[in-house]
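Here's the structure we're looking at; comments come further down.
Numbering (the working numbering), first residue to last: 19 to 234.
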């Protein structure tokens, strides 16, 4: 988006990353928080997060060259007592408690679950500036986070990926690669990933709207 890194932009008076982590900090079923960050920023970020009052913060670990590497590093820092793991994007601060509840419950009972939204837009191929065939959107989903997994499944999936060099766009794909089913939990349009300047403007509007509702 240009300017300051998006995860450190202020939303509601706190860095976006802190607002996202507070959703999990305040959830009764979440016991441990682990954050992956660039090595050069790790120590400074850990100090800032502890000063922000994140009592459940267990560690800030050095991330890797890819998202997959960073998740693996965070996974390796979890205490042995953790049985269910959630992976969440740092810049999705509007995930709701009921969505977390659903992902956690299904991950506990079935092994894996993730938030996703059915595609609503018409899809067409295009080439040379012209539209081509229309594609069916039936059964297509836009993935969201958190994605939740039994720890043993998740560790096995990352171990297999490290052994074979398999790269996936998200953790659902890694777990599916081992043949495990992953349950769809319907997400929300508000649980968007803040990526563009328009996303940021939308986030500011949504934060103000939710703040007014809370005050009123």
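By construction, the Cβ of each residue, glycine as well, lies at the ideal position given by its N, Cα and C atoms.
With respect to the alpha helix (DSSP H) encompassing residue i, which residues constitute its N-terminal and C-terminal limits?
i, result
"residue 43", "34 to 43"
"residue 176", "169 to 182"
"residue 91", "85 to 94"
"residue 61", "60 to 69"
"residue 190", "189 to 195"
"residue 224", "215 to 233"
Quick one: give me the first and last residue of the beta strand (DSSP E) that residue i is part of.
i, result
"residue 203", "201 to 204"
"residue 142", "141 to 145"
"residue 150", "148 to 153"
"residue 55", "51 to 55"
"residue 104", "102 to 105"
Report all residues from its chain with a CB closer than 6 Å to the CB of residue i; omit the five preceding and five following residues, and keep chain order.
i, result
"residue 88", "54, 81 and 82"
"residue 103", "167, 169 and 172"
"residue 131", "121, 124, 125, 166, 201 and 203"
"residue 78", "53, 55, 60, 63 and 64"
So, for residue i: in the same chain, excluding its five sequence neighbours on each side, which residues have a beta-carbon less than 8 Å away from its beta-carbon?
i, result
"residue 224", "112 and 208"
"residue 76", "50, 51, 52, 95, 96 and 97"
For residue i, is the classification buried or exposed, using 16 other Cβ atoms within 10 angstroms of its Cβ as the cut-off for buried?
i, result
"residue 129", "buried"
"residue 84", "exposed"
"residue 185", "exposed"
"residue 44", "exposed"
"residue 214", "exposed"
"residue 29", "buried"
"residue 13", "Nothing about residue 13 can be reported from this structure: the residues present for the chain run from 19 to 234 only."
"residue 221", "buried"
"residue 210", "buried"
Considering only their Cβ atoms, is the gap separating residue j from residue i smaller than 8 Å?
i, j, result
"residue 169", "residue 100", "yes"
"residue 114", "residue 227", "no"
"residue 48", "residue 24", "no"
"residue 134", "residue 50", "no"
"residue 105", "residue 199", "no"
"residue 33", "residue 26", "yes"
"residue 232", "residue 90", "no"
"residue 110", "residue 187", "no"
Which one or two residues does DSSP pair with residue i in a beta bridge?
i, result
"residue 126", "Answer by DSSP bridge pairing: none, since residue 126 is not bridged."
"residue 160", "135"
"residue 2", "One cannot answer for residue 2 here, as it falls past the ends of the chain, which runs 19 to 234."
In its own chain, which residues sit with a C-beta less than 7 Å from the C-beta of residue i, not counting the 5 before and 5 after it?
i, result
"residue 61", "none"
"residue 175", "192, 193, 195 and 196"
"residue 35", "25, 26 and 108"
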